[in-house]
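If you read the protein sequences in the order shown, they are chains S and R. Okay, so the first sequence: first residue is 1 according to UniProt numbering, each after it adds one. Okay, so the second sequence: first residue is 1 according to UniProt numbering, each after it adds one. Read through the structure below, which is laid out as structure tokens, and then see the notes.
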Amino acid sequence: MSLWIWLLIACALAYAWKLVGYFVPARLLEDPRMSRVAGTMTIGLLASLTVVNTFATGQSLAADARLGALVAAAIALALRAPFLVVVLAGAGTAALLRILGWN
Amino acid sequence: MTLLASPAVRMGISISIATGLYGVSFGALSVTSGLDFWQTMALSLLLFSGGSQFAFIGVVAGGGSGIAAMSAATLLGMRNGIYGMQLNALLHPTGWRRYVAAQLTIDESTATSSGQTDPAEQRRGFWAAGIGIYVLWNLFTAIGALAGSGLGDPKQWGLDGAAVAAFLGLLWPRLKGREPVAIAAVCAVATVIAVPFVPAGVPILVAAVVAAVIGWFSHGRRDEGLEPDVDPFRERHHHGAHRAGDTGPGAGK
Chain S
1 MSLWIWLLIA
11 CALAYAWKLV
21 GYFVPARLLE
31 DPRMSRVAGT
41 MTIGLLASLT
51 VVNTFATGQS
61 LAADARLGAL
71 VAAAIALALR
81 APFLVVVLAG
91 AGTAALLRIL
101 GWN
Chain R
1 MTLLASPAVR
11 MGISISIATG
21 LYGVSFGALS
31 VTSGLDFWQT
41 MALSLLLFSG
51 GSQFAFIGVV
61 AGGGSGIAAM
71 SAATLLGMRN
81 GIYGMQLNAL
91 LHPTGWRRYV
101 AAQLTIDEST
111 ATSSGQTDPA
121 EQRRGFWAAG
131 IGIYVLWNLF
141 TAIGALAGSG
151 LGDPKQWGLD
161 GAAVAAFLGL
171 LWPRLKGREP
181 VAIAAVCAVA
191 TVIAVPFVPA
201 GVPILVAAVV
211 AAVIGWFSHG
221 RRDEGLEPDV
231 DPFRERHHHG
241 AHRAGDTGPG
251 AGK
């Protein structure tokens, strides 16, 4: 139940961010630092989410089949594959490595 | 049919299809991360911002708390505020349209609109991409969620690997040049260092703080990291023509 509450708060805050741009006087947000922070935070969060989903299991770090998924996804992205193909490459590689016995 | 003659509308429709399809992976991953069908649909209907939605389910899947998931999703949503400001200056929506436009303000609708030069085309591009993506993203989220709940053990299908690939796919189009790569590397290292010491989900917030400090004190490109996951103009840059349905690297929303 508490997950629902945080989920709905996340939805409300997401809409609040979007609305802020339309209602706050433009010059307040024109501070280039705000754009910079929004951008660098986007990069930092996505890099962090990639790392956490690859190496973390709770509070421990491990190199398992998910590392293979990361490599496969990077190769697919370098080859300019569409997003869906990238995701399928990651899933397929992780599944295959598990069949081969690498957890 | 005159509407379909508009390049902005056609671009909006093709990006809607590309982005919508990627909703399948969100829906499937969400239900295997521990959210139920309606929680998954609430994220797509109400939150409606791909990166934030993936962040929310990514934290939950890693055993993080609801508040950590909410925080990660909210920090990722900050850039939509910047987009809202840009779109307000371009489109000047009034009355109820402002509130609808706000909900449709995401990477792809902003990119489709701001890439046009004619004000009428900017408006058409925004609404075509925004409404098109909203409808297809939710439709395909539902399909993915229904398919995902019948899969059994998500690890057997490598769905944890799919999540890794999805986040790398979202990050990839933003790594243009040395600076964003350096920011990503520093935040990745900060995350790895933090994992053993703080509860699950919190390392992501540590990385967000590191990234915010870098952004605040450094002077680089003003729009660093604010590239769309699916670049509507990518086809033009690379092939000189726009092909519907071809999403390119890091397609997503």
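No residue lacks a Cβ here, since even glycine has one placed at the ideal position from N, Cα and C.
What does the alpha-carbon distance come out to for the pair residue i and residue j?
i, j, result
"Gly225/R", "Ala163/R", "20 Å"
"Leu3/S", "Glu179/R", "36 Å"
"Gly240/R", "Pro7/R", "Any reading at Gly240/R is ruled out, since the residue's pLDDT is 36, under 50, leaving its predicted position unreliable."
"Ile5/S", "Glu227/R", "31 Å"
"Trp17/S", "Leu35/R", "24 Å"
"Leu205/R", "Ala10/S", "15 Å"
"Thr54/S", "Gly68/S", "9 Å"
"Met78/R", "Ala38/S", "6 Å"
"Ser14/R", "Leu21/R", "11 Å"
"Val31/R", "Val20/S", "31 Å"
"Val60/R", "Arg124/R", "37 Å"
"Leu70/S", "Gly158/R", "12 Å"
"Val209/R", "Ala72/R", "11 Å"
"Arg221/R", "Pro93/R", "28 Å"
"Arg98/R", "Ile43/S", "28 Å"
"Ala129/R", "Val135/R", "10 Å"
"Arg10/R", "Leu4/R", "6 Å"
"Ala142/R", "Val186/R", "36 Å"
"residue 255/R", "Ile99/S", "Residue 255/R cannot be examined here, being either before or after the span of chain R that is shown, 1 to 253."
"Arg36/S", "Gly27/R", "31 Å"
"Asn103/S", "Gly81/R", "42 Å"
"Thr110/R", "Tyr83/R", "6 Å"
Residues of chain S with CB under 9 Å from residue i, in chain order?
i, result
"Tyr22/R", "Pro82, Phe83, Leu84 and Val87"
"Ala145/R", "Ordered by position in chain S, no residue passes the 9 Å Cβ test against Ala145/R, which lies about 14 Å from the chain."
"Asp153/R", "The contacting residues do not exist; Asp153/R stays about 10 Å from chain S at best."
Since I believe residue j is in contact with residue i (beta carbons under 8 Å), could you give me their beta-carbon distance rounded to a whole number of angstroms?
i, j, result
"Gly201/R", "Ala18/R", "Actually they are not in contact, since the Cβ atoms of Gly201/R and Ala18/R sit about 30 Å apart, beyond 8 Å."
"Ala72/S", "Gly101/S", "Ala72/S to Gly101/S, Cβ: 18 Å. No contact."
"Ser25/R", "Trp137/R", "Contact doesn't hold; Cβ gap of about 11 Å is too wide."
"Leu91/R", "Gln116/R", "Incorrect: roughly 11 Å between the Cβ atoms, too far for contact."
"Ala102/R", "Tyr22/S", "5 Å"
"Ile214/R", "Thr40/S", "5 Å"
"Leu7/S", "Gln39/R", "6 Å"
Taking Cβ-Cβ distances shorter than 7 Å, what residues in chain S pair up with residue i?
i, result
"Met78/R", "Trp17, Ala38 and Met41"
"Pro180/R", "Ile43"
"Asp231/R", "Here the premise fails: no neighbours, minimum Cβ distance about 12 Å."
In the DSSP assignment, the alpha helix (DSSP H) including residue i goes from what residue to what residue?
i, result
"Ile43/S", "Pro32 to Phe55"
"Ile97/S", "Sequence check: residue 97/S is Leu here, not Ile. It spans Phe83 to Ile99 - the alpha helix (DSSP H) in which Leu97/S sits, taken as one unbroken run."
"Val59/R", "Gly50 to Ala61"
"Ala120/R", "Pro119 to Gly148"
"Arg160/R", "Note that residue 160/R is Asp in the sequence shown, not Arg. Note, Asp160/R: alpha helix (DSSP H), Leu159 to Leu171."
"Phe217/R", "Val202 to Phe217"
"Leu75/R", "Gly66 to Leu76"
"Ser113/R", "Asp107 to Ser114"
"Ser6/R", "Per DSSP, Ser6/R belongs to no alpha helix (DSSP H) and is neither H nor E."
"Phe23/S", "Ser2 to Phe23"
"Arg66/S", "Ala65 to Ala78"
Chain S partners of residue i, CB-CB under 8 Å?
i, result
"Phe140/R", "The premise fails here: Phe140/R is roughly 10 Å from chain S at the closest Cβ pair, so nothing lies under 8 Å."
"Thr74/R", "Ala10, Leu13, Ala14 and Trp17"
What does residue i reach in chain R if we use C-beta pairs closer than 9 Å?
i, result
"Leu61/S", "Val192, Val195 and Pro196"
Please list, in chain order, the chain R residues whose beta carbon lies closer than 8 Å to that of residue i.
i, result
"Leu100/S", "Under the 8 Å cutoff, chain R gives no residues; its nearest Cβ is about 12 Å from Leu100/S."
"Ile75/S", "None at all; the shortest Cβ gap to chain R is about 11 Å."
Any contact between the segment 137-146 of chain R and the segment 72-88 of chain S? By contact I mean 3 or more CB pairs, one from each, below 8 Å.
The segment 137-146 of chain R is not in contact with the segment 72-88 of chain S.
Is the segment 156-176 of chain R in contact with the segment 84-91 of chain S, if contact means three or more CB pairs nearer than 8 Å?
yes
Would you check if the segment 42-59 of chain S and the segment 150-167 of chain R touch, i.e. whether three or more CB-CB distances between them fall below 8 Å?
yes
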